[in-house]
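Student:
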Amino acid sequence: MTTEQQHDTIDMMLNMGPQHPATHGVFRMVLTLDGERVLDVTPHIGYLHRGSEKLCESESYGQVVTLFDRMDYIANLNNELAFCRAAERLMSIEVPERAMYIRVILAELNRVASHALFIGTYAIDLGAMTPVMYGFRERERIQNLFEAVTGARMMHNFIRIGGVKEDVPDDFGPRVRQLIGQVREGIEEMDRLLTFNEVYLARTRGVGVIDAATAISVGLTGPSLRGSGVAYDVRKDDPYEIYPYLSYKVPIGENGDCWDRYYVRLQECYESLSMISQCLDQMEAGPTMVQMRRIARPPKGEVYVHSENPRGDIGVYLVSDGTDKPYRLKIRPPSFCNLVGLAPMTRGSYIADAVAILGSLDIVLGEVDR
Amino acid sequence: MDVVWASLWLFTLLNVVAVAALSLVWLERKLLGRMQGRVGPTRVGPFGLLQPIADGIKLLMKEDIAPGSSSRVLFFVAPLLVFVPSYMVWITIPFGRDLFVRNLDLGLFFFVALSVLGIVGLVLAGWSSNSKYAILGGFRSAAQLVSYEIPIIMTILVVAMLAGSLSFRDVVLAQDVVPYAAVQPLAFGVFLLAGLAEVGRTPFDIYHAESEVVGGPFVEYSGAHWAIFFLAEYINTFMVGALGALLFLGGWRWPVGDVPAAAGVALFLFKTYAIVAVIFWVRATYPRMRIDQLMSFGWKVLIPLSFAAFVATAFQMFYGWPIWTLTILSLVILVPPIYIQLRWQRKPAMALAKHYAEIAVAVHAQPRPVPVAAVTEADAAPGREDDA
Chain A
1 MTTEQQHDTI
11 DMMLNMGPQH
21 PATHGVFRMV
31 LTLDGERVLD
41 VTPHIGYLHR
51 GSEKLCESES
61 YGQVVTLFDR
71 MDYIANLNNE
81 LAFCRAAERL
91 MSIEVPERAM
101 YIRVILAELN
111 RVASHALFIG
121 TYAIDLGAMT
131 PVMYGFRERE
141 RIQNLFEAVT
151 GARMMHNFIR
161 IGGVKEDVPD
171 DFGPRVRQLI
181 GQVREGIEEM
191 DRLLTFNEVY
201 LARTRGVGVI
211 DAATAISVGL
221 TGPSLRGSGV
231 AYDVRKDDPY
241 EIYPYLSYKV
251 PIGENGDCWD
261 RYYVRLQECY
271 ESLSMISQCL
281 DQMEAGPTMV
291 QMRRIARPPK
301 GEVYVHSENP
311 RGDIGVYLVS
321 DGTDKPYRLK
331 IRPPSFCNLV
341 GLAPMTRGSY
351 IADAVAILGS
361 LDIVLGEVDR
Chain B
1001 MDVVWASLWL
1011 FTLLNVVAVA
1021 ALSLVWLERK
1031 LLGRMQGRVG
1041 PTRVGPFGLL
1051 QPIADGIKLL
1061 MKEDIAPGSS
1071 SRVLFFVAPL
1081 LVFVPSYMVW
1091 ITIPFGRDLF
1101 VRNLDLGLFF
1111 FVALSVLGIV
1121 GLVLAGWSSN
1131 SKYAILGGFR
1141 SAAQLVSYEI
1151 PIIMTILVVA
1161 MLAGSLSFRD
1171 VVLAQDVVPY
1181 AAVQPLAFGV
1191 FLLAGLAEVG
1201 RTPFDIYHAE
1211 SEVVGGPFVE
1221 YSGAHWAIFF
1231 LAEYINTFMV
1241 GALGALLFLG
1251 GWRWPVGDVP
1261 AAAGVALFLF
1271 KTYAIVAVIF
1281 WVRATYPRMR
1291 IDQLMSFGWK
1301 VLIPLSFAAF
1311 VATAFQMFYG
1321 WPIWTLTILS
1331 LVILVPPIYI
1341 QLRWQRKPAM
1351 ALAKHYAEIA
1361 VAVHAQPRPV
1371 PVAAVTEADA
1381 APGREDDA
């Protein structure tokens, strides 16, 4: 009789989400665990699917903007801009210059707000609970400005096909300048608190490494791709609006780990703030909307227009059959495509790393599921 | 008669400890709020002082749910197994020269023995919940608390050697002129760090990490049983503060010597709350470590350091060197780990950040074309045909 028995160990399946504090919404990942090690990860999406693309087909072009607001609910204005650019291309509309400046200022502010929120929520993923307050504080300031300009804090519906809804308030310039100063201070505060914090470095350096070739092949874009050292930025490589008239830097990383992705976003905040102040310098008075009919009917045809969202390259493929509603609207959502990188980054790491990696991709489930 | 008196004392102690724990809840929320640009609780009572009581009432009124698949008895026993040891320890803690329930001669040993017991409760809670997050949390707590028990014991031994006694009272009385924090800064530092890990506080709050195992062993608990865990956790935090004050900061005595009992208690509580405030401050500042980093930090850094403190103290006592040599010795031992930490983590990252600033791709502005007169004409573009 043997006293020792051979025990087979089996892997543990851990269902993380859809209700989990670290999945940023209703995202579910099934982790196959060997103790604390993650052997495999299977993402499950679709809990927030609202059929936005299909809904777009039953709305007139002007109304589609509101649906784009609700897709990536952290970067509403960037999304509005993405759709409006596609519709304008389809209708061959020349947008007045002042409108373009207003759009870029708002979009860059929204990018800063989104990144500030990322830094905060990412810190809370890693267990630091203070930066999230600072992140929300900065976002709050920016949202207050949005409220003054667009009348809404999140669902703006301000960027319209052919321009913007209305001109900005008279005190816009000084107010934005003051805001830039405040937000810069706030971001610097988070920077000091987090960037070179020993524990933060230990948790993010060398975690979730993805090399440039893999990152490109799985379709990463935006800061997640730039963290791997690929300087791809739609604003730089396919300039739109008034981006060509601005000087800025495209921050990139090299190692492709979580810290690089974080650091790229942090630097982008500073770059965006400097872009905004350049815009304010260059802005001139003028009309903010082209004259057009209430109900737009683009000619038959199709366009694919992409622009840079805080999360990456958002593409809008728009098909018109000549009626007042899109025949088909396909969105290339950056969050969804970035999520493909989750499995290759996560395999072989720890549970805590899986959370850190998911956080560093900065997904928004409203956009992943549409 | 003895039984009656003992029960009375224990009841009083329970109330004192519970009030202390509630005060910590309030203090934590207030301090964290201030550090995070908020104000913390303000609504219930003056300065929100009654907030913890409101929280407690809420918890007691909640339904106490046990998962259907849990093992009932163990599930409900586990909170008590965590709470009772953390409360029992207070029997021997002297709040003042003559203010304690029992001055045990083996007080320090009593503390060590009881504080290990709580781990059983945590593992049991994780196991009996029959939930994956809970079991992960239970495993984590076992690994973490067992490994961090060692440096705590070693630093307590250092203090016991210096004082020549295992009684809390004697330890405090021995710190007449210099507190042991000044004599043995190394042991004090190791004690604080290991204490953070012992009570599961940031950056070592790994076993109940909210963003990973969503509360760990406590995830399935609700209502009163969860409240007991919560209470035990804060009592333990207070315990670390009290131990730090007694063992290293001279309890109710240093630096004023013998004062009236009330003043002594106030001094002791002030020191305790100061240490607790530092713990909360750390919580507001640091992210959480990963389990493997925690283990390697414990076994490769804290335990060797605590042994070094122990050996240094032994040398000083054996050869009868003056006491300040021990201070210097322990500071010297502290230098290499701090240096290594800075060199391995922060410096390369800073160099990398500088490097990234250099390789960032610069995009230069193109000259802006002379602004054309505003486009007001609308006829040219398609899509603007009349709707009619």
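Taken in sequence, the protein lines are chains A and B. The first sequence runs 1 to 370 under the numbering used here. The second sequence runs 1001 to 1388 under the numbering used here. We put the CB at the ideal spot given by N, CA and C, even for glycine. Computed from a predicted structure; not experimentally measured.
Report the rounded CA-to-CA distance for M1289(B) versus Q143(A), giving the unit in angstroms.
Tutor: Looking at the two C-alpha atoms, the distance is approximately 33 Å.
Student: Mind pulling the chain A residues with CB within less than 7 Å of Q1341(B)?
Tutor: Neighbours of Q1341(B) on chain A, chain order: E198.
Student: Listed from N- to C-terminal order along the chain, which residues in the stretch 248-259 of chain A have their beta-carbon within a distance smaller than 9 Å of any beta-carbon of chain B?
Tutor: Cβ contacts with chain B: Y248, K249, V250, P251, I252, G253, E254, N255, W259.
Student: Note down, in chain order, every chain A residue with its Cβ under 9 Å from the Cβ of Y1286(B).
Tutor: Residues of chain A passing the Cβ test: G127, A128, N197, E198, V199, Y200.
Student: What is the rounded straight-line gap between the Cα of A1143(B) and the Cα of G1216(B)?
Tutor: Taking the straight line joining both Cα atoms gives about 13 Å.
Student: Just the Cα atoms here: how many angstroms apart are G208(A) and L201(A)?
Tutor: If I take the Cα positions, the gap works out to 13 Å.
Student: What residue ranges within the stretch 1337-1373 of chain B form continuous beta strand (DSSP E) runs of no fewer than 3 residues, ordered along the chain?
Tutor: Entirely contained in the stretch 1337-1373 of chain B, the beta strand (DSSP E) runs reaching 3 residues are, in chain order, 1361-1363.
Student: For chain A, is any of its Cβ atoms less than 8 Å away from the one on R1368(B)?
Tutor: True, the Cβ-Cβ gap to chain A drops below 8 Å.
Student: Starting from the C-beta of V112(A), find all residues in its chain whose C-beta is less than 7 Å away, skip the five residues before and the five after it, and write them out in chain order.
Tutor: Contacts found: I142, V183, C269, S272, L273.
Student: Show which residues of chain B have a CB atom less than 8 Å away from the CB atom of P21(A).
Tutor: Those within 8 Å of P21(A) in chain B are E1210, S1211, V1214.
Student: At the 8 Å Cβ level, is Y263(A) part of the contact set with chain B, yes or no?
Tutor: With 8 Å as the cut-off, Y263(A) counts as an interface residue toward chain B.
Student: Which residues in chain B have a C-beta closer than 7 Å to the C-beta of Y245(A)? List them in chain order.
Tutor: Here the neighbours are A1365, Q1366, R1368.
Student: Round the Cβ separation of L126(A) and G301(A) to the nearest angstrom and send it over; I've been treating them as touching at under 8 Å.
Tutor: About 48 Å separates the two Cβ atoms, so there is no contact after all.
Student: Return no unless some Cβ of chain A is closer than 8 Å to the Cβ of Q1036(B).
Tutor: Answer yes: the Cβ-Cβ gap between Q1036(B) and chain A drops below 8 Å somewhere.
Student: On the CB-based measure, 16 or more other CB atoms within 10 Å of its CB, does E147(A) come out buried or exposed?
Tutor: Classification of E147(A): exposed, given that the 10 Å Cβ count is below 16.
Student: For G163(A), which option in S60(A), V230(A), A87(A) has the closest C-alpha, if you only look at C-alpha atoms?
Tutor: Checked all of S60(A), V230(A), A87(A); the closest Cα to G163(A) is A87(A).
Student: Using the Cα positions of G1164(B) and D1105(B), report the straight-line distance between them to the nearest angstrom.
Tutor: G1164(B) and D1105(B): Cα-Cα distance of roughly 11 Å.
Student: Looking at chain A, is there any beta carbon in it that lies within less than 8 Å of the beta carbon of V1356(B)?
Tutor: First, the amino acid is wrong: residue 1356(B) is Tyr here, not Val. Y1356(B) counts as touching chain A.
Student: Does the separation of the CB atoms of I1119(B) and I1303(B) fall below 8 Å?
Tutor: No, Cβ-Cβ distance for I1119(B) and I1303(B) is not below 8 Å.
Student: Note down, in chain order, every chain A residue with its Cβ under 8 Å from the Cβ of P1203(B).
Tutor: By Cβ distance, chain A contributes G127, V199.
Student: Here's the rule: buried if 16 or more other CB atoms are within 10 angstroms of the residue's CB, otherwise exposed. What is T1092(B)?
Tutor: Counting Cβ neighbours within 10 Å, T1092(B) comes out buried, since at least 16 surround it.
Student: Is it a yes or a no for the stretch 54-69 of chain A touching the stretch 350-361 of chain A, going by three-plus beta-carbon pairs under 8 Å?
Tutor: These segments do not touch.
Student: Using a Cβ-Cβ distance cut-off of 8 Å, determine whether Q282(A) contacts chain B.
Tutor: It does; some Cβ of chain B falls within 8 Å.
Student: Does DSSP put G312(A) in a helix, a strand or coil?
Tutor: Three-state result, G312(A): strand.
Student: Taking its Cβ as the centre, do 16 or more other Cβ atoms sit within 10 Å of S372(A), making it buried, or is it exposed?
Tutor: Residue 372(A) is absent from the model: chain A starts at 1 and stops at 370.
Student: Can you check whether the CB of V1178(B) is closer than 8 Å to the CB of I1333(B)?
Tutor: Against a cut-off of 8 Å, the Cβ pair of V1178(B) and I1333(B) comes out as no contact.
Student: Using a cut-off of 7 Å between C-beta atoms, extract the partners of E188(A) located in chain B.
Tutor: The contacting residues do not exist; E188(A) stays about 14 Å from chain B at best.
Student: For M12(A), go through chain B and note every residue whose CB falls closer than 8 Å to its CB, in chain order.
Tutor: Per Cβ cutoff of 8 Å: K1132.
Student: Quick one, which residues of the stretch 1280-1306 of chain B are near chain A if we go by CB-CB under 8 Å, in chain order?
Tutor: Cβ contacts with chain A come from R1283, A1284, T1285, Y1286, P1287, R1288, M1289, R1290, I1291, D1292, Q1293.
Student: Just how far apart, CA to CA, sit N110(A) and H24(A)?
Tutor: Cα to Cα, N110(A) sits roughly 19 Å from H24(A).
Student: Between the stretch 1245-1263 of chain B and the stretch 1198-1208 of chain B, do at least 3 Cβ pairs fall closer than 8 Å?
Tutor: Contact fails: fewer than three Cβ-Cβ distances are below 8 Å.
Student: Mind checking if Q1144(B) is an interface residue toward chain A, Cβ cutoff 8 Å exclusive?
Tutor: Output row for Q1144(B): interface = no.
Student: Roughly how many angstroms lie between the CA atoms of A1078(B) and S1070(B), to the nearest whole one?
Tutor: Cα to Cα, A1078(B) sits roughly 12 Å from S1070(B).
Student: Chain A partners of R1346(B), CB-CB under 9 Å?
Tutor: Residues of chain A passing the Cβ test: F196, N197, E198, L201.
Student: Under 7 Å Cβ to Cβ from K1271(B), same chain only, skipping five residues before and after it: list those, please.
Tutor: Result list for K1271(B): A1245, L1249, in chain order.
Student: Measuring CA to CA, which of V264(A), D281(A), L339(A), I295(A) is closest to S217(A)?
Tutor: Nearest option by C-alpha distance: L339(A).
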